[in-house]
Amino acid sequence: MTYYCSNCWNEITKGIEVCPHCGTNQSALEQESFIQKLIRALKHPEPSTPVRAAEILGELKAREALPYLTELIKTSTDPFLVKAAASSIKEIEDKDYKNN
Ligand SMILES: [Zn+2]
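So the sequence shown is numbered by my numbering: it starts at 111 and just counts up by one.
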């Protein structure tokens with residue numbers, strides 16, 4: 111499994127204390143689940159972060175993110191984010207057909 115910083119969403123080494131990209135202490139954020147953090151990141155002000163979060167939610171097939179991704183498509187004015195959210199939804203909903 112790949113690990114990501116809960117603040118900047120760059121890839122990090124498992125178990126690392128402080129993110130080498132943004133300096134955020136990872137254990138300080140651990141009260142939230144990984145999926146919750148990703149859902150929170152969908153509203154991150156830095157434009158590439160919600161796109162990355164949407165992609166990861168798709169990879170994880172996080173069904174609980176579906177209402178948030180759907181909402182994002184309706185409300186976001188960022189075409190890259192709308193595209194990422196749409197492909198993430200598609201990936202999540204394709205869950206049961208993964209074996210082909
Ligand atoms: Zn970071």
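Built from N, CA and C at the ideal position, the CB exists for glycine as well. Quick caveat: nothing in here was measured; it's all calculated off a predicted structure.
Collapsed DSSP secondary structure at residue i in the structure displayed
i	result
Ile126	coil
Glu156	coil
Glu181	helix
Euclidean distance between Cα positions of residue i and residue j
i	j	result
Ile202	Val192	15 Å
Glu142	Ile199	22 Å
Val161	Ala175	13 Å
Cys129	Ser116	9 Å
Thr159	Cys118	7 Å
Do the region 123–132 and the region 143–157 touch if we need at least three Cβ pairs shorter than 8 Å? no
So does the region 152–170 actually touch the region 182–192, counting three or more Cβ pairs closer than 8 Å? The region 152–170 makes contact with the region 182–192; the number of CB pairs closer than 8 Å reaches 3 or more.
Within 6 Å of ligand 1: residues by beta-carbon to any heavy atom: Cys115, Asn117, Cys118, Asn120, Cys129, His131, Cys132 and Thr134
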